[in-house]
Amino acid sequence: MFESISSFFVVYWSVLKPLIEITILWFVFFRIMIFFEGTRAGQVWKGIFILVVAFFLAQKLGLNTLDWILTKLFAISVIAIIVIFQPELRFGLARLGQPHLFGTGLKEEEIDDLIRQLSSALVYLSGKKIGALIALEREDRLKSYMDSGVVMDSKISPELLETVFTPLSPLHDGGLVIQGDRISAAGCLFPLAQNPYLSHSLGTRHRSALGLSEETDAVVLIVSEETGLISLAVGGRLTQGLTREELTQSLKQQLLLMMQKEPKAQTSESNSEAA
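Structural data, given as structure tokens:
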């Protein structure tokens with residue numbers, strides 16, 4: 483039995499090896515594309531993919547001059563990519579080394595209550611056209627952004643958010659961070675989105691929301707000061723003009739994703755306690 487399996491791999495390994503290599507390389511490239519999607523680096527990765535295809539074709543077809551040019555171009559490109567996309571590389575490496583948590587530590591009914599509070603508060607601010615920028619921490623820690631603001635420990639309420647974001651408040655231009663079901667900081671500085679293809683109609687709040695959502699897995703909520711429209715940014719994508727029902731549904735989809743990981747954490751904790 484073992485000999486037949488060994489002989490099978492000996493015979494077919496020459497065929498399987500390139501298929502395995504191509505699959506691995508394609509998966510890595512695909513994950514890189516997903517990571518940089520919506521950023522200026524994402525557009526460059528598409529160009530790099532075209533050059534790689536051209537390079538392999540030049541080698542296979544014996545186009546020596548084109549092969550030589552592309553080889554030299556790749557050598558220069560490595561240095562150029564490091565210099566041009568230093569911010570994206572720095573943020574990516576920082577995210578890889580960042581400690582993750584199992585969600586917010588909230589139970590499902592507590593998340594439902596949080597969603598109701600946020601929906602009511604944002605609709606209240608929207609009706610008064612009070613601009614707001616609110617980030618909900620998930621697995622990626624937001625402490626480095628909280629350090630740029632004022633530390634708080636308060637329950638969520640429409641009145642408190644109005645106090646923070648009213649134009650006369652010294653904290654109204656910054657972002658507010660929610661950890662669990664409590665406000666942890668206000669007046670925080672969030673990074674601006676680096677995507678050069680964003681609409682010029684987007685203001686600083688929307689660009690800051692997109693920037694934070696590109697660098698972390700936070701759910702970021704925005705209320706426009708000009709129009710009162712409610713928007714949501716996740717993973718570098720912006721959804722604008724949400725109704726209360728749409729906002730509630732979107733928050734449920736995003737925040738309840740964390741509940742899928744929490745049972746594993748709770749099970750391991752229960753097992754350790756039982757031991």
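Position 136 of the sequence shown, counted from 1, bears residue number 618 in the numbering used here, the numbering being contiguous throughout. Backbone N, C-alpha and C fix where the C-beta goes; we use that ideal spot for every residue, glycine too. Predicted, not measured: the structure shown is a model, and the values here were computed from it.
Item                                                                                                                                                                  : Value
From the DSSP output, in three-state form, read off Q731 for me.                                                                                                      : helix
Within its chain, find whatever has a CB closer than 8 angstroms to the CB of P640; leave out the 5 residues flanking it on each side and keep chain order.           : S602, A603, Y606 and L607
Per DSSP, what are the beta-bridge partners of A668 in this structure?                                                                                                : V632
By how many angstroms is the C-alpha of F672 removed from the C-alpha of A700?                                                                                        : 11 angstroms
Report yes if the C-beta distance between L680 and R687 is below 8 angstroms; otherwise report no.                                                                    : no
Does L596 come out as helix, strand or coil in the three-state DSSP assignment?                                                                                       : helix
Using the C-alpha atoms, what's the distance from I712 back to T725?                                                                                                  : 7 angstroms
Can you give me the start and stop residues for the beta strand (DSSP E) that A617 sits inside?                                                                       : A614 to L618
To the nearest angstrom, how far is the alpha carbon of L650 from that of Q735?                                                                                       : 34 angstroms
Where Y541 and T553 are concerned, what is the direct C-alpha to C-alpha distance, given to the nearest angstrom?                                                     : Residue identity differs from the one stated: residue 541 is Gln in this sequence, not Tyr. Rounded to whole angstroms, Q541 to T553 spans 10 angstroms at the Cα level.
Quick check on this structure: which residue in E728, E644 and T730 has the alpha carbon closest to the alpha carbon of E707?                                         : E644
In this structure, how does DSSP classify A675 when only helix, strand and coil are distinguished?                                                                    : coil
For G693, does the three-state DSSP call read helix, strand or coil?                                                                                                  : helix
Could you check the C-alpha separation between D635 and T730 for me, to the nearest Å?                                                                                : 24 angstroms
Using a Cβ-Cβ cut-off of 8 angstroms (strictly less than) and excluding sequence neighbours within five positions of L738, which residues of its own chain qualify?   : E590 and I593
Please report the distance separating the alpha-carbon of R598 from that of Q661.                                                                                     : 16 angstroms
Taking T645 as part of the alpha helix (DSSP H), name the residues at either end of that continuous run.                                                              : P640 to F647
For G693, which residues in the same chain have their Cβ closer than 8 angstroms to its Cβ, ignoring the five residues on either side in sequence?                    : F672, P673, L674, A675 and Q676
Are the beta-carbon atoms belonging to I704 and A557 less than 8 angstroms from one another?                                                                          : no
If contacts are defined as beta-carbon pairs under 8 angstroms, then L653 and V659 qualify, I think. What distance do you get, rounded to the angstrom?               : In fact, because the Cβ distance is near 12 angstroms, the residues do not count as touching under 8 angstroms.
For K611, which residues of its own chain have a beta-carbon under 7 angstroms away from its beta-carbon, when the five flanking residues on both sides are left out? : E707 and G710
Are the beta-carbon atoms belonging to G685 and G669 less than 8 angstroms from one another?                                                                          : no
Residues in its own chain within less than 6 angstroms of V633 by CB, not counting five upstream and five downstream?                                                 : A667
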